[in-house]
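Numbering (the working numbering), first residue to last: 973 to 1116.
We put the CB at the ideal spot given by N, CA and C, even for glycine.
Here the structure is laid out as structure tokens; the discussion comes afterwards.
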């Protein structure tokens, strides 16, 4: 009986040593999996934010370009020659943190316009949440 107890104690000592190694391996494995998951989650959130910012900037540029088209169609006599729009904050249009500018270039010689009134309009939108990013739309306007 004494021999059996010592054998049982010895068996418990060996198995408890394996349990510590197994637990350590489990903790390290979980740490690696969680670190990878958190990094992936942060990366996807960052991409989502950038995509949202770009989408809002594109909406503002599209809105401003449509305003120019409307002005040209409805008030052609007062639209030409077009006037540049300096950097304007988009808060009043419902786009806080965004600003846009419109620049017109006379391209009559480039496009051989019959009326000598061809202008290329560029709407440039920038936003403050990610400095250095911008969206630009370009469109040709020609006086008929």
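| Item | Value |
| --- | --- |
| Is it buried or exposed for residue 1086, if we count other Cβ within 10 angstroms and need 16 for buried? | exposed |
| For my contact list, residue 1032 and residue 1074 are in at a C-beta cut-off of 8 Å; report their separation, rounded to the angstrom. | That belief does not hold up - the Cβ atoms of residue 1032 and residue 1074 are roughly 12 Å apart, past 8 Å. |
| Kindly indicate which three-state DSSP category residue 1109 falls into: helix, strand or coil? | strand |
| In angstroms, rounded to a whole number, what distance separates the CA positions of residue 974 and residue 992? | Any answer about residue 974 is weak, because its pLDDT of 49 lies below 50 and its placement is not dependable; what the coordinates show is given next. Roughly 27 Å between the two C-alpha positions. |
| Report yes if the C-beta distance between residue 1093 and residue 1053 is below 8 Å; otherwise report no. | no |
| Excluding the five sequence neighbours on either side, which residues of its own chain have a C-beta within less than 7 Å of the C-beta of residue 1067, listed in chain order? | 1028 and 1032 |
| In angstroms with no decimal places, state the Cα-to-Cα distance between residue 1043 and residue 1049. | 10 Å |
| Going straight from the alpha carbon of residue 1036 to that of residue 1095, what length do you get? | 7 Å |
| Considering only DSSP beta bridges, list what residue 1070 is partnered with. | 1099 |
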